[in-house]
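Just so you know, this note's numbering puts 50 at position 16 of the sequence shown, and the rest follows in order with no gaps.
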Amino acid sequence: LAKAGEGPSSLDLIEEDYANGLLEKNNTNLYREYAVSAPGKLPPKYRSTEKGKDATYSMLQMAREWNELSKSTQQEILDLRGTGFGNLKETLETSHFVLHYSTQSNFAVPTQDNDRNGVPDFIDVAGQSMEDSWNRLIGELGYVMPKGTPQQKFHVYYKDIPYYGYAVPENVELLSTSPVPYGTASAWIVIENDFYGFPPNDEDVTGLEVIRGGALKVTQAHEFMHAIQFNINVYQSGWLFESHATWAED
Numbered sequence: 035l036a037k038a039g040e041g042p043s044s045l046d047l048i049e050e051d052y053a054n055g056l057l058e059k060n061n062t063n064l065y066r067e068y069a070v071s072a073p074g075k076l077p078p079k080y081r082s083t084e085k086g087k088d089a090t091y092s093m094l095q096m097a098r099e100w101n102e103l104s105k106s107t108q109q110e111i112l113d114l115r116g117t118g119f120g121n122l123k124e125t126l127e128t129s130h131f132v133l134h135y136s137t138q139s140n141f142a143v144p145t146q147d148n149d150r151n152g153v154p155d156f157i158d159v160a161g162q163s164m165e166d167s168w169n170r171l172i173g174e175l176g177y178v179m180p181k182g183t184p185q186q187k188f189h190v191y192y193k194d195i196p197y198y199g200y201a202v203p204e205n206v207e208l209l210s211t212s213p214v215p216y217g218t219a220s221a222w223i224v225i226e227n228d229f230y231g232f233p234p235n236d237e238d239v240t241g242l243e244v245i246r247g248g249a250l251k252v253t254q255a256h257e258f259m260h261a262i263q264f265n266i267n268v269y270q271s272g273w274l275f276e277s278h279a280t281w282a283e284d
């Protein structure tokens, strides 16, 4: 994934203050969710116009800290997610995935449907890309499946976010603490709904294409690798998470 902006994103600012002891845990996690679900609710100090790369690190920290949060903080986060994802009324099912999207409101994917199959071309590309990632990473390279699959299909959500995408671990299980923390988690991923305003790349050479297929494919491969990683060890280092997921883009 290319870096979308040169300055810090909202999550960069939040994580910096949290690391420096300027934010406590409940507010930090509320702000993490605001940054991806309701940026307008952030205090002015944390509002950034920069588009970020990947919000997974912050979502991972939230999942690890979930049981330490107050019930009211947990509920507000769940309510924010429910409100946002509730706008995604349309779905496409493939062999291993359920893609949730909208063709209306600010969450709408590009509605172009050149093959007239009733599904936006953006979602056609997304569905094929997700299956390609499954076949490559799991079928050919032998990585473990995301936790909970294939008994249940893996869920992908397309919404307007100031990041390329992110993966969210759920049901984190700490299985061992020695010699290093080890545990697993299930997951779902969120992908930007159109990539308008994000930098061009080798496939989206102008950055003005209606269907930003290049950004879509590499983002989905990156975030799906995170979901696989969560079933290998959800407690591994952030550096390892990101370097491995960036490798998966190829």
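Ideal placement from N, C-alpha and C gives every residue a C-beta, glycine not left out.
- Here Asn265 is buried: its Cβ has 16 or more other Cβ atoms, across all protein chains shown, within 10 Å.
- For Thr218, the secondary structure class from DSSP, reduced to helix, strand or coil, is strand.
- By the criterion of at least three beta-carbon pairs nearer than 8 angstroms, the region 137-156 is not in contact with the region 93-112.
- For Asp88, the enclosing beta strand (DSSP E) covers residues Gly86 to Asp88.
- At a Cβ-Cβ threshold of 8 angstroms, Met259 and Leu175 do not count as neighbours.
- Scanning its chain for C-beta atoms nearer than 6 angstroms, with the 5 sequence neighbours on each side dropped, one finds around Arg246 the residues Phe229 and Asp238, in chain order.
- As computed with DSSP, Ala142 is found in a beta bridge with Ser136.
- Nearest C-alpha to Phe156 among Leu64, Ile225 and Ser220: Ile225.
- Counting only residues of its own chain and dropping the five nearest sequence neighbours on each side, Tyr216 has a CB closer than 7 angstroms to the CB of Leu209, Ser210, Asn267 and Tyr269.
- Residue environment: Asn227 is assigned as buried (16 or more neighbouring CB atoms within 10 Å of its CB, all protein chains considered).
- Shown here, Val268 sits in coil according to DSSP, grouped into three states, outside any helix or strand.
- When C-alpha distances from Thr253 are compared across Ser212, His134 and Trp281, the shortest belongs to Trp281.
- Each of Leu56, Val153, Gln109 and Tyr197 was checked against the Cα of Glu257, and the nearest Cα belongs to Tyr197.
- Gln109 and Ser43 have their C-alpha atoms spaced approximately 25 angstroms apart.
- With contacts defined by Cβ atoms closer than 8 angstroms, Pro233 and Thr240 do not form a contacting pair.
- Per DSSP, reduced to three states, the secondary structure at Ile245 is coil, with no helix or strand assignment.
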